[in-house]
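Right, here's the structure in full:
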């Protein structure tokens with residue numbers, strides 16, 4: 001799974017460099033799509049539809065802006081100064097999947113947005129630090145939740161991390177809050193996506209009329225960080241590592 005992880009990391013890095021004031025969300029999606037084509041990879045999103053009869057996502061990238069935090073459907077929107085952007089990207093390389101997300105502010109940042117992103121990043125690192133053989137799934141969830149609660153944030157557990165392998169979403173569900181010592185015992189070879197996401201002042205969400213984009217109920221901003229990690233007897237292998245986080 002390492003090639004898929006490396007490629008996803010490369011795409012996220014390219015998106016970070018491209019995202020700026022004046023850039024259209026559709027340009028970011030096209031950048032990711034062109035990299036997929038050049039690599040001979042396969043998008044996990046473009047034909048994705050979670051239920052029978054649902055319309056497929058139709059894009060290769062999730063772009064969530066400001067009060068949108070998850071599953072943002074790219075559309076004709078030009079990033080403005082101070083926008084908080086989250087990008088989430090998953091694809092398959094040679095039949096194996098990796099998944100990663102990253103949040104950033106374009107232009108002039110607000111301190112509360114930077115603090116939210118930093119808290120979300122620390123929660124991801126805390127979760128990764130607990131992802132080792134012999135621990136339980138609840139240890140990861142509790143570590144993430146502890147960081148959020150210490151920062152005064154509430155946690156929505158409806159959406160979270162997940163198993164990754166031949167497909168993008170599989171068991172187990174990795175909640176962003178929980179009780180240490182509970183749940184599935186982690187074993188070497190298990191690969192999961194760990195993905196904390198938090199909103200400034202709520203844990204209540206709703207879905208846009210587009211059927212995909214998830215927003216804060218009260219309009220507050222959100223941040224989202226994610227890595228795909230492999231469980232070993234020692235520290236987790238961060239397959240989507242970009243070299244910019246603590247837990248490697």
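Numbering (full-length UniProt numbering), first residue to last: 1 to 248. Where a beta carbon is used, it is the ideal one built from N, C-alpha and C, also for glycine.
Taking 8 Å as the cut-off, the Cβ atoms of residue 103 and residue 213 do not count as close. With fewer than three CB-CB distances shorter than 8 Å, the segment 74-82 does not count as touching the segment 165-176. In this structure, DSSP gives residue 226 an extended state, which the three-state scheme calls strand.
Under the criterion of beta carbons closer than 8 Å, residue 196 and residue 127 qualify as touching, at roughly 7 Å. Here residue 172 carries a strand assignment [DSSP, helix/strand/coil]. CA-to-CA, the gap between residue 35 and residue 141 works out to about 33 Å. For residue 88, the three-state secondary structure derived from DSSP is strand. The alpha helix (DSSP H) runs lying completely inside the segment 14-85 and spanning 4 residues or more are 25-39, given in chain order. DSSP, reduced to helix, strand and coil, places residue 107 outside both helices and strands of the structure shown, so it counts as coil. Residue 238 carries a strand assignment under DSSP once its states are collapsed to helix, strand and coil. The count of Cβ pairs closer than 8 Å, one atom from the segment 83-97 and one from the segment 218-228, reaches three, so the stretches are in contact.
The secondary-structure analysis by DSSP pairs residue 159 with nothing; it has no beta-bridge partner. As computed with DSSP, residue 185 is found in a beta bridge with 136. Taking a 10 Å sphere around the C-beta of residue 162, we find 16 or more other C-beta atoms and assign the residue as buried. One alpha carbon belongs to residue 49, the other to residue 57, and they sit about 6 Å apart. The C-alpha of residue 55 lies about 20 Å from the C-alpha of residue 30. In terms of Cβ geometry, residue 164 and residue 192 form a close pair [threshold 8 Å]. Taking C-beta separations shorter than 7 Å and ignoring five residues to either side along the sequence, the partners of residue 242 in its chain run 9, 12, 13, following chain order. Counting only the Cα atoms, residue 135 lies some 30 Å from residue 71.
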